[in-house]
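Residues in the sequence shown are numbered consecutively from 168, following our numbering.
Where a beta carbon is used, it is the ideal one built from N, C-alpha and C, also for glycine.
For reference, the structure is listed below as structure tokens.
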Amino acid sequence: MKKNRNEKILLIGGRSKAKSLATSLLSQGYHVIAVNESEEECMRLAAIKGLSVYNGDGTKPYVLDEAGAAECKIAIALTSCDEDNLVACQICKRNFGIKKTVSLVADPNKTEFFHQMGIDSVVCAISAVTNIIQQQAFVDDLVNIVPVGFGMVQIIEVHIPEDAPVCGKKLWEIDLPQEVVIGCILRRDSALIPRGDTRINAGDTLVVIARSGQEQSTICVLTGRE
168 MKKNRNEKIL LIGGRSKAKS LATSLLSQGY HVIAVNESEE ECMRLAAIKG
218 LSVYNGDGTK PYVLDEAGAA ECKIAIALTS CDEDNLVACQ ICKRNFGIKK
268 TVSLVADPNK TEFFHQMGID SVVCAISAVT NIIQQQAFVD DLVNIVPVGF
318 GMVQIIEVHI PEDAPVCGKK LWEIDLPQEV VIGCILRRDS ALIPRGDTRI
368 NAGDTLVVIA RSGQEQSTIC VLTGRE
């Protein structure tokens with residue numbers, strides 16, 4: 168299914184995470200709106216060309232209303248407080264009819280509860296990294312990214328088009344940036360944990376774990392597009 172690059176995406180909270188994700192989404196042509204309670208952080212985010220920034224508490228309906236949440240298709244909650252992320256996502260879905268909500272969680276034990284509460288996607292960097300280690304995939308490559316501080320690990324999904332340079336290649340043949348790991352391949356109705364000899368197919372969606380700042384170069388390597 169072809170993505171509509173004109174879709175609006177709402178980012179709630181976050182510091183380096185919001186900045187990195189906003190930059191990546193804007194480079195792909197999405198319209199991105201960021202809501203942040205910190206005035207200082209809003210000033211930093213406002214320096215990003217094309218990003219709409221609103222100062223306020225993302226758990227308050229009137230703040231999200233002012234930011235234009237009703238026009239967004241996806242809401243991503245990135246605060247350091249799991250409870251705030253849950254509340255923000257629930258408000259986005261219930262009050263503004265946002266179709267897909269994504270929440271970051273610091274505590275992997277809360278993942279199932281968040282799903283039960285109606286959150287569409289729950290992202291826990293700790294769980295993602297742990298699962299890869301348990302599958303013994305690229306353990307050596309993980310050494311440099313496991314110890315980094317909160318917010319330094321980014322998880323992104325990369326869709327592989329038919330003309331991508333990596334189509335048909337094995338994982339070990341792909342020259343990825345340092346501190347980047349392909350943790351999972353979503354292929355049709357299956358989720359695969361890749362190994363070095365796993366081939367990338369057109370239509371795959373790769374779940375990539377990367378050190379903050381490596382996102383755009385990774386997308387370029389995998390898709391051939393700036």
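Candidates the options: which alpha carbon is nearest residue i's?
i	options	result
Gln345	Gly380, Ile352, Ala369	Gly380
Pro332	Leu373, Asp251, Thr390	Thr390
Thr246	Gly180, Ile323, Val325, Asp342	Gly180
Lys240	His282, Ile176, Lys336	Ile176
Leu218	Ala234, Ala244, Pro228	Ala234
Glu279	Ala273, Leu271, Val289	Val289
Met284	Gly350, Glu207, Val254, Asn222	Val254
Ala377	Thr365, Val347, Cys291, Asp342	Val347
Pro328	Val220, Asp249, Arg392	Arg392
Leu271	Ile265, Glu250, Phe263, Gly264	Glu250
Name, in chain order, the residues that DSSP records as bridge partners for residue i.
i	result
Tyr221	Val202
His326	Thr372
Leu353	Ala358, Thr372
Val289	Ser270
Leu177	Ile200, Ala242
Arg366	Lys337
Arg392	BP columns for Arg392 are empty, so no partner.
Ala377	Gln321, Val347
State buried or exposed for residue i, treating a residue as buried only when at least 16 other CB atoms are found within 10 Å of its CB.
i	result
Ala201	buried
Leu359	exposed
Glu382	buried
His198	buried
Gly225	buried
Ala237	exposed
Gln321	buried
Ala369	exposed
Pro361	buried
Asp371	buried
Gly350	buried
* **Three or more C-beta pairs below 8 Å linking the region 180–194 and the region 203–219** => Judged by Cβ distances under 8 Å, the region 180–194 makes contact with the region 203–219, as three or more pairs qualify.
* alpha helix (DSSP H) runs wholly inside the region 232–281, at least 4 long, in chain order -> Entirely contained in the region 232–281, the alpha helix (DSSP H) runs reaching 4 residues are, in chain order, 249–263.
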